[in-house]
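Participant: Next up is a structure, given as structure tokens.
Number of protein chains: 2
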Amino acid sequence: MKTVLLSVGTELLMGQTANTNVVYLSQELNLLGVDVLYHYTVGDNPERLKKLIKLAYRDCDLIITTGGLGPTQDDLTKEIVCEVHGDKLVVHQESLKNLKKMFRKMNKPVTENNYKQANMPSRAKVFDNDQGTAPGFALETDGKIAICMPGPPREMKAMYQRRVKSFLEDRADSVLFFRDIRTFGIGESQLETTMLPLINGQTNPTYATYAKEGESFLRVAAKSIDLVAAQKLVDDKLPEIYNLIGEYIYSIEGENLPTVVGKLLIENNISISCAESCTGGLFASTLIDVPGISRVFDRGIVTYSNRAKMEELGVLSETLDKYGAVSKETAKEMSEGLAKKTGSNLCISVTGVAGPEGGTTKKPVGLSYIGLTYMNQTKVIEEQMRNVNRKWNRNRAMLTMMNAIYRLIRGDK
Amino acid sequence: MKTVLLSVGTELLMGQTANTNVVYLSQELNLLGVDVLYHYTVGDNPERLKKLIKLAYRDCDLIITTGGLGPTQDDLTKEIVCEVHGDKLVVHQESLKNLKKMFRKMNKPVTENNYKQANMPSRAKVFDNDQGTAPGFALETDGKIAICMPGPPREMKAMYQRRVKSFLEDRADSVLFFRDIRTFGIGESQLETTMLPLINGQTNPTYATYAKEGESFLRVAAKSIDLVAAQKLVDDKLPEIYNLIGEYIYSIEGENLPTVVGKLLIENNISISCAESCTGGLFASTLIDVPGISRVFDRGIVTYSNRAKMEELGVLSETLDKYGAVSKETAKEMSEGLAKKTGSNLCISVTGVAGPEGGTTKKPVGLSYIGLTYMNQTKVIEEQMRNVNRKWNRNRAMLTMMNAIYRLIRGDK
Numbered sequence: 428m429k430t431v432l433l434s435v436g437t438e439l440l441m442g443q444t445a446n447t448n449v450v451y452l453s454q455e456l457n458l459l460g461v462d463v464l465y466h467y468t469v470g471d472n473p474e475r476l477k478k479l480i481k482l483a484y485r486d487c488d489l490i491i492t493t494g495g496l497g498p499t500q501d502d503l504t505k506e507i508v509c510e511v512h513g514d515k516l517v518v519h520q521e522s523l524k525n526l527k528k529m530f531r532k533m534n535k536p537v538t539e540n541n542y543k544q545a546n547m548p549s550r551a552k553v554f555d556n557d558q559g560t561a562p563g564f565a566l567e568t569d570g571k572i573a574i575c576m577p578g579p580p581r582e583m584k585a586m587y588q589r590r591v592k593s594f595l596e597d598r599a600d601s602v603l604f605f606r607d608i609r610t611f612g613i614g615e616s617q618l619e620t621t622m623l624p625l626i627n628g629q630t631n632p633t634y635a636t637y638a639k640e641g642e643s644f645l646r647v648a649a650k651s652i653d654l655v656a657a658q659k660l661v662d663d664k665l666p667e668i669y670n671l672i673g674e675y676i677y678s679i680e681g682e683n684l685p686t687v688v689g690k691l692l693i694e695n696n697i698s699i700s701c702a703e704s705c706t707g708g709l710f711a712s713t714l715i716d717v718p719g720i721s722r723v724f725d726r727g728i729v730t731y732s733n734r735a736k737m738e739e740l741g742v743l744s745e746t747l748d749k750y751g752a753v754s755k756e757t758a759k760e761m762s763e764g765l766a767k768k769t770g771s772n773l774c775i776s777v778t779g780v781a782g783p784e785g786g787t788t789k790k791p792v793g794l795s796y797i798g799l800t801y802m803n804q805t806k807v808i809e810e811q812m813r814n815v816n817r818k819w820n821r822n823r824a825m826l827t828m829m830n831a832i833y834r835l836i837r838g839d840k
Numbered sequence: 428m429k430t431v432l433l434s435v436g437t438e439l440l441m442g443q444t445a446n447t448n449v450v451y452l453s454q455e456l457n458l459l460g461v462d463v464l465y466h467y468t469v470g471d472n473p474e475r476l477k478k479l480i481k482l483a484y485r486d487c488d489l490i491i492t493t494g495g496l497g498p499t500q501d502d503l504t505k506e507i508v509c510e511v512h513g514d515k516l517v518v519h520q521e522s523l524k525n526l527k528k529m530f531r532k533m534n535k536p537v538t539e540n541n542y543k544q545a546n547m548p549s550r551a552k553v554f555d556n557d558q559g560t561a562p563g564f565a566l567e568t569d570g571k572i573a574i575c576m577p578g579p580p581r582e583m584k585a586m587y588q589r590r591v592k593s594f595l596e597d598r599a600d601s602v603l604f605f606r607d608i609r610t611f612g613i614g615e616s617q618l619e620t621t622m623l624p625l626i627n628g629q630t631n632p633t634y635a636t637y638a639k640e641g642e643s644f645l646r647v648a649a650k651s652i653d654l655v656a657a658q659k660l661v662d663d664k665l666p667e668i669y670n671l672i673g674e675y676i677y678s679i680e681g682e683n684l685p686t687v688v689g690k691l692l693i694e695n696n697i698s699i700s701c702a703e704s705c706t707g708g709l710f711a712s713t714l715i716d717v718p719g720i721s722r723v724f725d726r727g728i729v730t731y732s733n734r735a736k737m738e739e740l741g742v743l744s745e746t747l748d749k750y751g752a753v754s755k756e757t758a759k760e761m762s763e764g765l766a767k768k769t770g771s772n773l774c775i776s777v778t779g780v781a782g783p784e785g786g787t788t789k790k791p792v793g794l795s796y797i798g799l800t801y802m803n804q805t806k807v808i809e810e811q812m813r814n815v816n817r818k819w820n821r822n823r824a825m826l827t828m829m830n831a832i833y834r835l836i837r838g839d840k
């Protein structure tokens with residue numbers, strides 16, 4: 428299917444919002460073997476939108492719109508798509524019911540403008556929205572298909588996964604299976620270089636490397652007539668892949684590092700507490716995103732001030748004076764103090780220079796120390812990160828903590 | 428000038444690269460008063476590219492392309508633009524000289540394919556590239572202007588700032604000033620409804636509402652001959668805007684709520700500590716993103732387990748038994764216990780049901796209690812959020828905490 432992704436929203440043309448929807452949809456559609464020929468973006472302008480839809484149908488069979496389905500006056504995507512397809516809008520009872528239910532749950536009256544979200548083209552296949560108030564739909568006329576989804580990425584992604592994907596799969600002629608092989612501790616270009624023996628001869632499966640927020644991963648994708656055959660093409664390559672980059676791999680299921688670590692803690696019933704300085708609660712707040720973590724996660728302490736380090740964790744004032752807050756010694760006393768206080772099986776601490784200020788020649792921005800107290804033994808890891816910016820440095824420190832736990836539980840080294 | 432941004436590159440259609448160029452250029456062009464009507468993205472395909480350029484010139488005077496100027500065979504933007512403009516490519520001596528110089532600096536021989544980067548349309552105004560090998564250019568024919576820039580963001584941005592901006596400024600007839608008026612506690616559709624008296628009669632300034640991660644904001648934008656005059660058009664409307672939505676506004680400078688709250692704490696020298704249950708450290712880790720916050724932020728305690736609530740904060744086991752961990756009473760004891768322990772001027776606590784599990788009829792997912800202990804007084808706020816998902820609920824609870832502090836310091840109610 429030749430496809431146009433059509434994004435609707437003046438905020439995109441103002442540069443106020445990055446268009447992450449097209450990135451997501453392009454990746455997903457490519458996996459289904461759907462050819463994306465164009466991305467178009469237009470503002471909340473009915474004439475221009477109509478022009479683009481007509482243009483798109485000249486050389487494509489499928490347009491996927493995002494945005495312009497909401498309750499406000501400039502939300503006109505549905506109306507225009509309906510008009511181009513020669514259909515008319517009617518009240519969709521199921522959507523109306525859902526809308527009322529949603530507002531009841533929020534304890535808010537349905538304002539008049541909200542009702543229009545329950546109007547749908549009479550011939551449409553409606554996709555309900557479990558994350559927001561605007562449903563989506565597919566409308567097909569003479570072999571030309573429009574799929575319309577809401578603009579907020581969270582709503583769009585959920586609708587795509589729950590409804591649109593299977594709608595498209597039924598129409599695709601081959602299927603693609605892929606594995607995201609996730610690694611930590613190897614940069615993207617290094618990952619690509621190491622994988623060259625496989626990348627150079629690639630046909631089916633294909634290999635692509637990606638970098639995202641301090642982690643690198645390898646996508647291995649194969650096309651075949653069915654999912655089982657496609658998966659076999661991918662999995663047959665796993666031994667060779669492990670041979671090249673096995674030491675860096677922590678998941679071949681596409682799970683992120685915090686999820687893998689959280690599951691390991693739960694499975695092994697290892698209770699955990701954390702003491703954070705430079706990451707300021709990021710480790711705790713990331714870990715508790717893992718479902719079921721409350722079974723093992725006891726508490727986190729964000730000891731930002733020196734006083735807090737002493738009072739909460741029993742770090743000695745002499746240690747802070749002699750070695751500084753960012754030091755191997757402080758990290759050790761932090762995790763040991765936490766273990767003494769909580770009795771958690773595993774206590775992890777971090778202290779570092781997140782920047783942009785506070786770095787010195789001896790302790791530059793990006794330096795961090797991670798203390799791990801486990802089975803009455805404490806190990807401190809020193810890590811000098813590439814200094815990108817405060818947010819990145821903190822995220823990277825958090826991931827390094829996760830990786831340290833992963834290695835500890837897996838018994839590496 | 429009515430404008431199309433045309434991005435060229437198959438990697439964009441594959442979703443391998445997010446199109447940050449259009450975000451940057453849209454922002455910059457809007458500030459110059461240049462109307463961006465469309466974004467188009469096309470792969471490295473000459474026929475489709477030609478089609479889009481011709482289409483763009485039907486209702487626009489300016490197209491700005493990024494990508495497809497490099498040395499490889501699929502880099503064809505220059506050739507196609509040249510063809511549409513009825514011009515021909517000739518060797519541009521200055522660019523040739525620069526190219527040779529650049530390769531000398533890299534200590535590499537100029538490979539044959541690189542020479543084509545020094546070919547330019549004969550009538551073009553050439554923009555040199557101080558960050559890479561491919562120069563850009565502007566080509567004008569019968570009032571239609573094409574500006575072509577390289578695709579790598581670093582090269583494009585430098586070329587825009589050094590060359591393209593002044594080229595456009597000479598041609599722009601107005602400038603735009605806008606304010607993002609940020610609100611909390613009012614949904615986007617409610618915001619629009621409330622603003623209708625101004626939105627309905629809008630000409631200059633114009634009004635648009637946006638929603639982003641639990642906050643809604645209003646953009647007020649005006650065009651005029653210079654920045655001072657444009658800002659006056661916007662600011663003259665501020666009294667009317669405050670009259671309609673003043674109670675929800677926390678910033679007219681476009682700052683987000685955590686930043687506004689962090690600055691208020693620093694300015695007023697109010698020391699703060701926090702005790703978090705359902706948000707799991709998100710409040711602390713968000714607050715410490717504010718520069719200079721270390722002057723007032725003492726510590727954060729993530730008391731996830733009941734034991735931690737008792738041990739760290741002195742919450743009574745009878746309170747937990749009788750009212751539950753998610754209760755007004757527990758929130759109160761959490762912030763009061765924290766105040767007793769830390770002596771911070773302001774202590775804030777939160778306990779709630781983040782979901783997806785753990786909700787009951789009496790205490791549904793999305794319910795949270797926020798305790799604020801300030802000047803020996805404790806206030807507890809009950810908030811029932813719309814249950815979207817765990818992540819959203821936690822983010823919303825964190826923002827509600829920020830908003831509670833904002834109101835407290837500002838002395839509202």
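From first to last, the protein sequence lines stand for chains A and B.
Just so you know, we're using our numbering here: the first sequence kicks off at 428 and counts up by one.
Just so you know, we're using our numbering here: the second sequence kicks off at 428 and counts up by one.
Just so you know, even glycine gets a beta-carbon here, dropped at the ideal spot from N, CA and C.
What you are looking at is a predicted structure, and each value in this text was computed from that prediction instead of being measured.
1. One question on the structure: do G641 (chain B) and N816 (chain B) come within less than 7 angstroms of each other, judged by their Cβ atoms?
2. Residues bridged to M547 (chain A) by DSSP?
3. Taking G497 (chain A) as the reference, give the member of A:K505, A:I491, A:I490 with the closest Cα.
4. Three or more beta-carbon pairs under 8 angstroms between the region 762 to 769 of chain A and the region 694 to 708 of chain A, yes or no?
5. For the candidate residues B:T730, B:K749, B:G689, whose alpha-carbon lies nearest to that of L896 (chain B)?
6. Sort out for me which residues DSSP pairs Q811 (chain B) with in a bridge.
7. How would you list, in chain order, the residues of chain B whose beta-carbon sits under 9 angstroms from the beta-carbon of K429 (chain A)?
8. What does the Cβ neighbour count give for K759 (chain A), buried or exposed, with the cut at 16 atoms within 10 Å?
9. For the alpha helix (DSSP H) that V723 (chain B) lies in, which residues bound it at each end?
10. In this structure, does DSSP put T447 (chain B) in helix, strand or coil?
11. When you compare each of A:D502, A:V687, A:Y542 to G719 (chain A) by their alpha carbons, which one comes out closest?
12. Going by Cα to Cα distance, which pick from A:P791, A:K532, A:S643 is closest to R813 (chain B)?
13. Which same chain residues, not among the five before or five after R722 (chain A), have their C-beta less than 7 angstroms away from its C-beta?
14. Which residues in the same chain have their Cβ closer than 8 angstroms to the Cβ of S434 (chain A), if we skip the five residues on either side of it in sequence?
15. What does S643 (chain A) reach in chain B if we use C-beta pairs closer than 8 angstroms?
16. How about the region 532 to 545 of chain A and the region 603 to 622 of chain A: do they share at least three Cβ pairs that are nearer than 8 angstroms?
17. Using a Cβ-Cβ distance cut-off of 7 angstroms, determine whether D514 (chain A) contacts chain B.
18. Using only the heavy atoms of the ligand MG, determine whether one of them is closer than 6 angstroms to the beta carbon of G513 (chain A).
19. Nearest CA to the CA of S651 (chain A): which residue from A:G513, A:L660, A:F644?
20. Can you list the beta strand (DSSP E) stretches of 3 or more residues lying completely in the region 553 to 617 of chain B, in chain order?
21. Output yes if chain B places a C-beta closer than 7 angstroms to the C-beta of A735 (chain A); else output no.
22. Spell out whether any CB of chain B is found under 7 angstroms from the CB atom of N457 (chain A).
23. Leaving out five residues before and five after V431 (chain B) in sequence, what residues of the same chain have Cβ atoms less than 7 angstroms from its Cβ?
24. Since I believe T610 (chain B) is in contact with I672 (chain B) (beta carbons under 8 angstroms), could you give me their beta-carbon distance rounded to a whole number of angstroms?
25. For V591 (chain A), count neighbouring Cβ atoms within 10 angstroms of its own Cβ and tell me buried if that reaches 16, exposed if not.
26. Check whether chain A comes within 7 angstroms of K749 (chain B), counting only Cβ atoms and requiring the distance to be less than that.
27. Ignoring anything shorter than 3 residues or poking outside the region 639 to 726 of chain A, list the beta strand (DSSP E) runs there in chain order.
28. Can you round the beta-carbon distance between G707 (chain B) and S744 (chain A) to whole angstroms, since I take them to be within the 8 angstroms contact cut?
29. Here's the rule: buried if 16 or more other CB atoms are within 10 angstroms of the residue's CB, otherwise exposed. What is S593 (chain A)?
30. Could you tell me if Q588 (chain B) is buried or exposed, where buried requires 16 or more neighbouring beta carbons within 10 angstroms of its beta carbon?
31. In three-state terms, what does DSSP make of K759 (chain A)?
32. Identify which residue in A:F710, A:E510, A:Y796, A:I775 has its Cα closest to the Cα of Y750 (chain A).
33. For a cutoff of 7 angstroms on Cβ pairs, would you count V463 (chain B) as touching chain A?
34. Between B:F530, B:A551, B:D557, B:A561, which has its C-alpha nearest A545 (chain B)'s C-alpha?
35. Taking S678 (chain B) as the reference, give the member of B:Q454, B:L459, B:N830 with the closest Cα.
36. Beta strand (DSSP E) containing K429 (chain B): first to last residue?
Facilitator: Judging by the given coordinates:
1. Against the second sequence, residue 641 (chain B) aligns to sequence position 214. Against the second sequence, residue 816 (chain B) aligns to sequence position 389. No, these two residues do not count as a Cβ contact at 7 angstroms.
2. Counting from 1 along the first sequence, the entry for residue 547 (chain A) is found at position 120. Looking at the DSSP assignment, M547 (chain A) forms a beta bridge with A:V517.
3. Here residue 497 (chain A) is taken as the residue at index 70 of the first sequence, counted from 1. Ranking A:K505, A:I491, A:I490 by Cα distance to G497 (chain A) puts A:K505 first.
4. Yes, the region 762 to 769 of chain A touches the region 694 to 708 of chain A.
5. There is simply no residue 896 (chain B) to check, as chain B begins at 428 and stops at 840 in what is shown.
6. The sequence position of residue 811 (chain B) within the second sequence is 384, counting from 1. DSSP, once it has assigned bridges, lists B:L794 as partnering Q811 (chain B).
7. Looking up residue 429 (chain A) in the first sequence gives position 2. Simply none; closest approach about 11 angstroms.
8. Against the first sequence, residue 759 (chain A) aligns to sequence position 332. Buried: at least 16 other Cβ atoms inside 10 Å.
9. Position 296 of the second sequence holds residue 723 (chain B). First-last for V723 (chain B): undefined, no H or E at that position.
10. Taking the second sequence and counting its residues from 1, one reaches residue 447 (chain B) at position 20. Three-state DSSP puts T447 (chain B) in a helix.
11. Here residue 719 (chain A) is taken as the residue at index 292 of the first sequence, counted from 1. With distances taken between Cα atoms, G719 (chain A) lies closest to A:V687.
12. For this step, residue 813 (chain B) is matched to residue 386 along the second sequence. Comparing Cα-Cα distances from R813 (chain B) to each of A:P791, A:K532, A:S643, the minimum goes to A:K532.
13. Counting from one through the first sequence, the residue named residue 722 (chain A) turns up at place 295. Excluding residues within five positions, the ones whose Cβ falls inside 7 angstroms are I693.
14. As a working note, residue 434 (chain A) is residue 7 in the first sequence. N446, N448, V449, H466, Y467, T468, V469, T492, T493, G494, G578, listed in sequence order.
15. On the first sequence, position 216 is the one that residue 643 (chain A) refers to. None at all; the shortest Cβ gap to chain B is about 14 angstroms.
16. no
17. For this step, residue 514 (chain A) is matched to residue 87 along the first sequence. For D514 (chain A), the answer is no, since every Cβ of chain B falls outside 7 angstroms of its Cβ.
18. Absence of the ligand MG is noted for the structure shown, with no ligands found whatsoever.
19. Within the first sequence, residue 651 (chain A) is the residue found at index 224, counting from 1. The residue with the shortest Cα to Cα distance from S651 (chain A) is A:L660.
20. Restricting attention to beta strand (DSSP E) runs no shorter than 3 residues, the region 553 to 617 of chain B encloses them at 563 to 568, 571 to 576, 602 to 610, ordered along the chain.
21. Your numbering for residue 735 (chain A) matches position 308 in the first sequence. By this cut-off, A735 (chain A) is an interface position.
22. Here residue 457 (chain A) is taken as the residue at index 30 of the first sequence, counted from 1. Nearest CB-CB separation between N457 (chain A) and chain B: below the 7 angstroms threshold.
23. The residue you call residue 431 (chain B) lines up with position 4 of the second sequence. These residues qualify, in order along the chain: L464, Y465, Y467, A483, C487, I490.
24. In the second sequence, residue 672 (chain B) corresponds to position 245, counting from 1. In the second sequence, residue 610 (chain B) corresponds to position 183, counting from 1. About 6 angstroms separates the Cβ atoms of I672 (chain B) and T610 (chain B), confirming a contact at the 8 angstroms cut-off.
25. Sequence index remark: in the first sequence, residue 591 (chain A) carries index 164 (1-based). Sixteen is the threshold: when 16 or more other Cβ atoms of the shown chains lie within 10 Å of the Cβ of V591 (chain A), as they do, the residue is buried.
26. Against the second sequence, residue 749 (chain B) aligns to sequence position 322. Closer than 7 angstroms: no.
27. 642 to 651, 676 to 678, 699 to 703
28. On the second sequence, position 280 is the one that residue 707 (chain B) refers to. On the first sequence, position 317 is the one that residue 744 (chain A) refers to. Actually they do not touch by this definition, with Cβ atoms about 30 angstroms apart.
29. Residue numbering aside, residue 593 (chain A) sits at position 166 when the first sequence is read from its first letter. Per the 10 Å Cβ criterion, exposed.
30. Counting from one through the second sequence, the residue named residue 588 (chain B) turns up at place 161. Classification of Q588 (chain B): exposed, given that the 10 Å Cβ count is below 16.
31. As a first step, residue 759 (chain A) is located in the first sequence; it is residue number 332 there, counting from the start. Helix.
32. By one-based count along the first sequence, residue 750 (chain A) stands at place 323. Closest option to Y750 (chain A), Cα to Cα, is A:Y796.
33. On the second sequence, residue 463 (chain B) is found 36 positions in, with the first residue counted as 1. Yes, its Cβ sits closer than 7 angstroms to a Cβ of chain A.
34. Start at 1 with the first residue of the second sequence, and residue 545 (chain B) comes out as number 118. Nearest C-alpha to A545 (chain B): B:A561.
35. Position 251 of the second sequence, counted from the first residue, corresponds to residue 678 (chain B). Per the Cα distances, B:N830.
36. Here residue 429 (chain B) is taken as the residue at index 2 of the second sequence, counted from 1. 429 to 435 is the span of the beta strand (DSSP E), which, as asked, contains K429 (chain B).
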